[in-house]
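Residue numbers (the numbering used here): 15 to 384. Where a beta carbon is used, it is the ideal one built from N, C-alpha and C, also for glycine. Since the structure comes first, as structure tokens, the remarks are kept for the end.
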Ligand code: SF4
């Protein structure tokens, strides 16, 4: 059976199987039709599953308040996987003026999982928040915090821990050191924070995540139900996107742990170009075979870059079709996609520079409060 472990999963072979085994609901056309507009992840079925997303759709339709909860482990700069989650947060925020974002800088997890000292986390946090702003977050409707400074999530983490046994945590996450289980409890506090009385109490909350994060969602939903008598929690909803592979291709998740196969938003344009040029493709052994049989975009890391991150639907379809029909060779195709990505990166990094001060001020204000 496929085990979903947020700290070590590499690759999901069969999303349909996952849907079946973990009882994830499929994002249907009926749901998509109810949304005022779709971002490319929804349009292209990269977001494939959900739990209780209809609650959020209803809130959008009825102009009711809802929260979007997410966060980042500040252990490095944003890579393309972090970009997907950030763009999902921003999309869900843009769906309604009644939406508010809660964004946790998971410095406790960065320490427990990666041994990153808290002062180092702060440097990454500034960079991560600058990315979030540059990608389009509306700061007026956002609450950003550091886990170590947000006593409400720490208190709730301890409080809800009473509802759990070590055996249960082990069955969800596998065998980990104690700090990782404590991290999981703090994340329960994070996910429920938008429903804290200080933030107006129970409300529909959506957590947009890669499917590898589902264990946190299931655990939090169980605890939300367990303690609903006391807090009247609404179990948090979630939407799941497919995982971005590393540039090594299917079988490898894009992760900061493997920098050479991971594209980050802080890569120099030259490095990004080189990484894409060296990426795994779905090309055939020879150009002749490629022309005869066509390529395999479904296993190509370069095509996946276009599919996940290129805005123009028409262009993405064209790449796919030309590849399948043998009208594209990998060398030229990689060059074309790398050039597009490099241009994006240059514009993006220029824009991000102007947001660094704003991000620094946000993090300084958080740390100065305590
Ligand atoms: Fe991938 Fe392009 Fe090669 Fe097709 S032609 S396999 S999309 S690099």
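For residue i and residue j, what's the separation of their Cα atoms in angstroms?
i	j	result
residue 91	residue 258	16 Å
residue 171	residue 63	27 Å
residue 120	residue 318	28 Å
residue 162	residue 87	12 Å
residue 190	residue 346	45 Å
residue 113	residue 105	10 Å
residue 76	residue 103	20 Å
residue 281	residue 261	14 Å
residue 48	residue 55	16 Å
residue 78	residue 157	18 Å
residue 328	residue 334	10 Å
residue 70	residue 220	7 Å
residue 216	residue 350	49 Å
residue 67	residue 378	35 Å
residue 305	residue 340	4 Å
residue 131	residue 44	46 Å
residue 224	residue 277	17 Å
residue 94	residue 100	10 Å
residue 359	residue 283	7 Å
residue 375	residue 144	10 Å
residue 416	residue 336	No information on residue 416 is available, as it lies outside the stretch 15 to 384 that the chain covers here.
residue 184	residue 307	47 Å
residue 180	residue 252	25 Å
residue 147	residue 310	36 Å
residue 17	residue 236	The predicted position of residue 17 is uncertain, since its pLDDT is 44 and thus under 50; no value can be drawn from it.
residue 153	residue 227	25 Å
residue 314	residue 287	16 Å
residue 203	residue 187	17 Å
residue 174	residue 362	41 Å
Under the criterion of a Cβ to heavy atom distance below 7 Å, does residue i qualify as lining the ligand SF4?
i	result
residue 264	no
On the CB-based measure, 16 or more other CB atoms within 10 Å of its CB, does residue i come out buried or exposed?
i	result
residue 279	buried
residue 20	In this prediction, residue 20 scores a pLDDT of 39, lower than 50, which makes its location untrustworthy; no coordinate-derived value is stated.
residue 218	buried
residue 23	Reliability fails at residue 23, whose pLDDT of 39 lies under 50, so the model's placement of it is uncertain and no value is given.
residue 51	exposed
residue 140	buried
residue 365	exposed
residue 296	buried
residue 300	exposed
residue 42	exposed
residue 274	exposed
residue 164	buried
residue 40	exposed
residue 193	exposed
residue 303	exposed
residue 239	exposed
residue 35	exposed
residue 242	exposed
residue 312	exposed
residue 382	exposed
residue 256	buried
residue 126	buried
residue 85	buried
residue 123	buried
residue 133	exposed
residue 30	exposed
Just grab the DSSP bridge partners of residue i for me.
i	result
residue 64	39, 253
residue 114	81
residue 317	Partner(s): none; residue 317 has no beta bridge.
residue 267	259
residue 278	93
residue 222	253
residue 158	117
residue 86	119
Pocket of the ligand SF4 (residues with CB nearer than 7 Å to any heavy atom), chain order: 295, 296, 297, 309, 310, 311, 314, 316, 317, 333, 337, 342, 343, 344, 347, 348
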